[in-house]
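Engineer: Once you've had a glance at the structure underneath, I'll fire off some questions.
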Amino acid sequence: MKIDFRYILLVVLSGLGSYWMGGYTMNAIFYITLLLFVAALLQIIFFSIVLKVNMVEPEGRPMAGKPFRLSINLENKGFLDIAHVSSQADDFKDRRIISVKRQDTSYLSYHFRPRVRGIVDVGTIKVGISDLLNILTRWVELEPEEVKVYPDVPAELPDHLNWTTIGEGNQFRSYSKENPYNVRELRRYQPGDSFRKINWKVSAKFNELFVRRGETTEEKDILLILDMNKNILTMDPLGLYENTLVTDALTLSKGLIKEGIPHGFILTDAHQKYFEVTSLVDYQELEDHMVMHKADGNDSLREFIAQKNEFLHERGALIFFTRPISADLAACDHLKSDRNQVLVYAPHLKKKGISSKGRRMILRELEGPGYEMV
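As structure tokens, this is what we get:
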């Protein structure tokens, strides 16, 4: 409970006047100020009973880089108007004040714009209920709200991920106009493959069974590898680089599924989590996982490749999302063989000048994705 300083000053002055000067008028003023306190206290008790305060979840799915609204629902079930209802949030300097009419509902809204995906703690929000004269204010602290912020995955593949425009205007080692996501080479027969997919002509020539990769439903044909080494989070102050890698990888994964191309998706994080993405349901499970987890891997990409070398060589197409680190890119290059193809997405960063705006300043920005087709 908070008491207005001006009212305290009024009580002190009227009390001193009543004591020193006396008389009917000064005594009446003093007692009126005391009665105002009693009236204010009764109003606060009544308003606290009839006013229902709760947080309203954001509409839709909050996306990284896009604003979302968090609202406070104020429902007045009493027969009196509440003239002063205020709110104060941790991340906002201004104090907001509205009135709530009797038998009516009002809202107080705050807009947030998270830069990266993840669980966002919007901090503490307090709602203040005041009497008609603002003598007393009772503050109600709402439970801290945690909001899931999803990566902003576009509906269509952007140019730097679309196979028809991939590499245009960006840095890359070499490039083929063939679709790198739609594998059509032969691979050795594996248990579970349909005999109808066997290429008998080639199999007879090499005295070994071969099937066409693109004509099977095996998700093992294409593998997306997302570098989740914890050092990626240190590439920029806000984690925008890490968020960009994750968003691009998820965008490509969703695009492949929409084209009917199943694939595997593996993270190089501490648990080396692997997903078989064969449907939009599988993709949604992958996306939910990425909302809850940040890069926390201890092994570099080249160390991961050394550990998973045999596993990676089983794939017809390897698509990496990583940093432009020479040793890691060289390790990717060594995976190339005549039976697979390797594509590496490695966005570059360029430095920006340091501003006096402090922590909100982005010290580095994406210069434009770099690509390597090896």
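First residue of the sequence shown? That's 12 in this note's numbering, and the numbers climb one at a time after it.
Just so you know, even glycine gets a beta-carbon here, dropped at the ideal spot from N, CA and C.
If you're wondering where the values come from, they're calculated on a predicted model, not measured in any experiment.
With respect to the beta strand (DSSP E) encompassing Leu62, which residues constitute its N-terminal and C-terminal limits?
Structural biologist: Indexing the sequence shown from 1 puts residue 62 at position 51. Counting along the chain, the beta strand (DSSP E) containing Leu62 begins and ends at Leu62 to Val67.
Engineer: Look at Leu249 and Arg126 and say whether their C-beta atoms are less than 7 Å apart.
Structural biologist: Here residue 249 is taken as the residue at index 238 of the sequence shown, counted from 1. Here residue 126 is taken as the residue at index 115 of the sequence shown, counted from 1. Yes, they are a contact pair.
Engineer: Roughly how many angstroms separate the alpha carbons of Arg113 and Leu256, rounded to a whole number?
Structural biologist: Taking the sequence shown and counting its residues from 1, one reaches residue 113 at position 102. Taking the sequence shown and counting its residues from 1, one reaches residue 256 at position 245. Arg113 and Leu256: Cα-Cα distance of roughly 51 Å.
Engineer: Candidates Phe332, Ala342 and Leu323: which alpha carbon is nearest Asp259's?
Structural biologist: Counting from 1 along the sequence shown, the entry for residue 259 is found at position 248. The residue with the shortest Cα to Cα distance from Asp259 is Phe332.
Engineer: Count the other CB atoms, across all protein chains shown, that sit within 10 Å of the CB of Ile90; report buried if there are 16 or more and exposed otherwise.
Structural biologist: Sequence index remark: in the sequence shown, residue 90 carries index 79 (1-based). Going by the sequence as given, residue 90 is Phe instead of Ile. With fewer than 16 Cβ atoms within 10 Å of its Cβ, Phe90 is classed as exposed.
Engineer: Decide if the segment 209 to 223 is in contact with the segment 292 to 310; the criterion is three or more beta carbon pairs, one per stretch, under 8 Å apart.
Structural biologist: No: the two stretches stay apart, fewer than three of their Cβ pairs being nearer than 8 Å.
Engineer: Measuring alpha carbon to alpha carbon, tell me which residue in Thr44, Met37, Tyr35 and Leu53 is nearest Val22.
Structural biologist: Here residue 22 is taken as the residue at index 11 of the sequence shown, counted from 1. Here the closest residue by C-alpha is Thr44.
Engineer: Closest by CA to Phe41, which one among Asn351, Tyr18 and Phe58?
Structural biologist: As a working mapping, residue 41 is identified with position 30 in the sequence shown. If we check each option's Cα against that of Phe41, Tyr18 comes out closest.
Engineer: Which ranges does the beta strand (DSSP E) cover as unbroken runs of at least 3 residues, wholly within the segment 227 to 306, from first to last along the chain?
Structural biologist: DSSP runs (the beta strand (DSSP E)) wholly in the segment 227 to 306: 233 to 237, 274 to 278 and 285 to 288.
Engineer: Near Arg72, which residues of its chain fall below 8 Å by C-beta distance, leaving aside the five closest residues on each side in sequence?
Structural biologist: Counting from 1 along the sequence shown, the entry for residue 72 is found at position 61. Excluding positions up to five away in sequence, the list reads Lys159 and Tyr161.
Engineer: Could you check the C-alpha separation between Leu81 and Glu321 for me, to the nearest Å?
Structural biologist: Reading the sequence shown from its first residue, position 70 is the one you call residue 81. Reading the sequence shown from its first residue, position 310 is the one you call residue 321. Answer to the nearest angstrom: the Cα atoms are 49 Å apart.
Engineer: Which whole-angstrom value describes the C-beta separation of Asn84 and Thr116, a residue pair presumed to lie in contact below a C-beta threshold of 8 Å?
Structural biologist: Translated into the one-based positions of the sequence shown, residue 84 becomes position 73. Translated into the one-based positions of the sequence shown, residue 116 becomes position 105. Yes, they are in contact, since the Cβ atoms of Asn84 and Thr116 sit about 7 Å apart, within 8 Å.
Engineer: Looking only at DSSP bridge pairs, what is Gly26 linked to?
Structural biologist: Indexing the sequence shown from 1 puts residue 26 at position 15. In DSSP, Gly26 forms no bridge with anything.
Engineer: So, with DSSP's three-state summary, where would you put Ser82?
Structural biologist: Residue numbering aside, residue 82 sits at position 71 when the sequence shown is read from its first letter. Looking at Ser82 - three-state DSSP - the assignment turns out to be strand.
Engineer: Quick check on the burial criterion: 16 or more other C-beta atoms within 10 angstroms. Buried or exposed for Pro202?
Structural biologist: In the sequence shown, counting from the first residue as 1, residue 202 sits at position 191. So Pro202 ends up on the exposed side.
Engineer: Could you pull out every residue in the same chain whose Cβ sits closer than 7 Å to the Cβ of Ile268, ignoring the five residues on either side in sequence?
Structural biologist: As a first step, residue 268 is located in the sequence shown; it is residue number 257 there, counting from the start. If we look at Ile268 and ignore the five residues flanking it on each side, its Cβ neighbours are Val288, Ser290, Leu291 and Tyr294.
Engineer: Per DSSP, which one or two residues make a beta bridge with Asp92?
Structural biologist: Locating residue 92 in the sequence shown gives position 81, counting from the first residue. In DSSP, Asp92 forms no bridge with anything.
Engineer: In the DSSP assignment, the alpha helix (DSSP H) including His324 goes from what residue to what residue?
Structural biologist: The sequence position of residue 324 within the sequence shown is 313, counting from 1. Start and end: Asn320 to His324.
Engineer: Please identify the residue among Met301, His345 and Leu62 whose C-alpha is closest to the C-alpha of Lys284.
Structural biologist: Translated into positions along the sequence shown, residue 284 becomes position 273. When each option's Cα is compared against that of Lys284, the closest is Met301.
Engineer: Considering only the beta carbon of each residue, do Gly342 and Ile316 sit closer than 7 Å?
Structural biologist: Taking the first residue of the sequence shown as position 1, residue 342 is located at position 331. Taking the first residue of the sequence shown as position 1, residue 316 is located at position 305. According to the sequence shown, residue 342 is Ala rather than Gly. Contact: yes.
Engineer: Taking a contact to mean a Cβ-Cβ separation below 7 Å, would you say Asp280 touches Met239 in this structure?
Structural biologist: Taking the first residue of the sequence shown as 1, we reach residue 280 at position 269. Taking the first residue of the sequence shown as 1, we reach residue 239 at position 228. Yes.
Engineer: Val133: which of Leu168, Val111, Phe103 and Asp247 sits nearest, CA to CA?
Structural biologist: Here residue 133 is taken as the residue at index 122 of the sequence shown, counted from 1. Among Leu168, Val111, Phe103 and Asp247, the Cα nearest to that of Val133 is on Phe103.
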